[in-house]
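Sequential numbering of the sequence shown, starting at 12, is according to our numbering. Structure first, commentary second.
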Amino acid sequence: MPINPSLFPQLIEAINQSINQHADAVTELDQAIGDGDHVFNLQRGLNALDQAKQEISQLEWPAAWQKIGMVLMASVGGASGSLYATLFISLGKNSAQQQPGISGFAKAFALAIEAVKQRGKADVGEKTMLDVLVPVANALEVGADSGAALPELLSSITQTAAAGVEATRDMIATKGRASFLGERSQGHIDAGAKTAQLMITAIADCLIKAT
Ligand code: ADP
Ligand code: MG
Numbered sequence: 012m013p014i015n016p017s018l019f020p021q022l023i024e025a026i027n028q029s030i031n032q033h034a035d036a037v038t039e040l041d042q043a044i045g046d047g048d049h050v051f052n053l054q055r056g057l058n059a060l061d062q063a064k065q066e067i068s069q070l071e072w073p074a075a076w077q078k079i080g081m082v083l084m085a086s087v088g089g090a091s092g093s094l095y096a097t098l099f100i101s102l103g104k105n106s107a108q109q110q111p112g113i114s115g116f117a118k119a120f121a122l123a124i125e126a127v128k129q130r131g132k133a134d135v136g137e138k139t140m141l142d143v144l145v146p147v148a149n150a151l152e153v154g155a156d157s158g159a160a161l162p163e164l165l166s167s168i169t170q171t172a173a174a175g176v177e178a179t180r181d182m183i184a185t186k187g188r189a190s191f192l193g194e195r196s197q198g199h200i201d202a203g204a205k206t207a208q209l210m211i212t213a214i215a216d217c218l219i220k221a222t
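And the structure:
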């Protein structure tokens, strides 16, 4: 079955369920080295997407990504809001220029992650969501280029995301609020990396079941 935006309601429900289930744990992570609001910021955006899910499910992917970005821009506060809005708006623009299918998506996603890096003036190794998103973008491109079957590709992405989160534990934050703590940020997982992993895993699990 092709992966098209008619799956969006299922995907957003799976993401919401996972984030809600892990909300307290994420807040604990964010209270240790941030200001503790990350999960609330994200939940505001996810609730707004839940409200818009039927409309989004009627669109083609480029317009759907664009709409997701606009909804997030309008609803999520904090650093993470503008970064995710950038990701999806960029995905909308870039996916319009790619072939439909996994390889085209992988290319558009990699370009969208570049836009997030630029927007936040950050890169891997700075203890942020990019420590999950960048390796996942790479795994997606490598998997798509090698012609991996979808279940294998999704499981490799899930593993890559989990490793990315764990890698943030020993990093010293150099971007975002956690950077105010300098070396004291070490020993804690980054909340934004954790929610990125939770969302990616929820999407992968949902797609494995749906396709
Ligand atoms: P705020 O830091 O404004 O309170 P949130 O709490 O919603 O925003 O989000 C914090 C998360 O955003 C961090 O855990 C980190 O993963 C991510 N983050 C912060 N700054 C950046 C940046 N410059 N680039 C990428 N991700 C960032
Ligand atoms: Mg915060």
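All residues carry an ideal CB built from backbone N, CA and C; glycine is no exception.
Residue i, buried or exposed, once every other Cβ within 10 Å from all chains shown has been counted against 16
i    : result
Q2   : What the structure shows of the chain is the stretch from 12 to 222, and residue 2 is not part of that stretch, so it cannot be assessed.
G131 : buried
G142 : Position check: residue 142 holds Asp in this sequence, whereas Gly was assumed. Counting Cβ neighbours within 10 Å, D142 comes out buried, since at least 16 surround it.
I219 : exposed
S157 : exposed
G88  : exposed
G112 : exposed
A207 : buried
N27  : buried
A85  : exposed
Inter-residue CB distance, residue i and residue j (contact presumed, cutoff 8 Å)
i    : j    : result
Q170 : D181 : That belief does not hold up - the Cβ atoms of Q170 and D181 are roughly 19 Å apart, past 8 Å.
A172 : V145 : Not really, about 11 Å apart at Cβ, beyond 8 Å.
L98  : A123 : 5 Å
G80  : G103 : 6 Å
F19  : K64  : 6 Å
CB contact flag (residue i, residue j, <9 Å)
i    : j    : result
I30  : A221 : no
I168 : A133 : no
E71  : P13  : no
The ligand MG heavy atom lying under 8 Å from the CB of residue i
i    : result
D41  : yes
D201 : no
Residue i: CB within 8 Å of a non-hydrogen atom of the ligand ADP
i    : result
S91  : yes
R195 : no
M140 : yes
**Request:** Tell me, please, whether the stretch 130-138 touches the stretch 182-191 by the rule of three or more beta-carbon pairs shorter than 8 Å.
**Result:** Because the criterion of three Cβ pairs below 8 Å is met, the stretch 130-138 and the stretch 182-191 touch.
**Asked** Would the stretch 38-48 and the stretch 201-209 be scored as touching if the rule is three or more Cβ pairs under 8 Å?
**Response** Contact between the stretch 38-48 and the stretch 201-209 is present, because at least three Cβ pairs lie under 8 Å.
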